[in-house]
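Colleague:
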Amino acid sequence: DQEVQKLFKKWIVAHNKSYNGLREREKKFGIFKDNLLYIDQHNAGSHSYKLGLNQFSDLTNEEYRSTYAHTRMDENREL
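Per my numbering, numbering through the sequence shown is continuous, rising by one, with the last residue being 66.
1. Does K(-3) pass the burial test, meaning 16 or more other C-beta atoms within 10 Å, or should it be called exposed?
2. Since D45 is in the alpha helix (DSSP H), which residue starts that stretch and which ends it?
3. Pairs of beta-carbons, one from the segment 28 to 37 and one from the segment 50 to 57, closer than 8 Å: are there three or more?
4. DSSP on G17, reduced to helix/strand/coil?
5. Among N30, V0, A31, K20, whose alpha-carbon lies nearest the alpha-carbon of E(-10)?
6. Just confirm the distance between the C-beta atoms of L40 and I26, as a whole number of angstroms; I'd bet it's less than 8 Å.
7. Grouping DSSP H, G and I as helix and E and B as strand, with all else coil, what is D61?
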């Protein structure tokens, strides 16, 4: 867990993250840790692609979808 803490601290600096207090930071660390486990498990398998950490690694799937995964409108569609 200490190595994951170090990785999380480096990730925070690399992605210029800041949190509103210790409670939020601990929550985001838990999410980061879960995502890291998912990434490691996926990459240990035989898949045609690898996963890695990115700027969204402290978000749950639900948080990501509600914030970033909006449906794109068809560019050819008239309004």
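Built from N, CA and C at the ideal position, the CB exists for glycine as well.
Modeller: Here's the rundown:
1. exposed
2. Premise fails: D45 is in no alpha helix (DSSP H) and is neither H nor E.
3. no
4. helix
5. K20
6. 7 Å
7. With a pLDDT of only 49 at D61, under the threshold of 50, the placement of this residue in the model should not be trusted; the figure read from the coordinates follows. DSSP places D61 in coil when its eight states are reduced to three.
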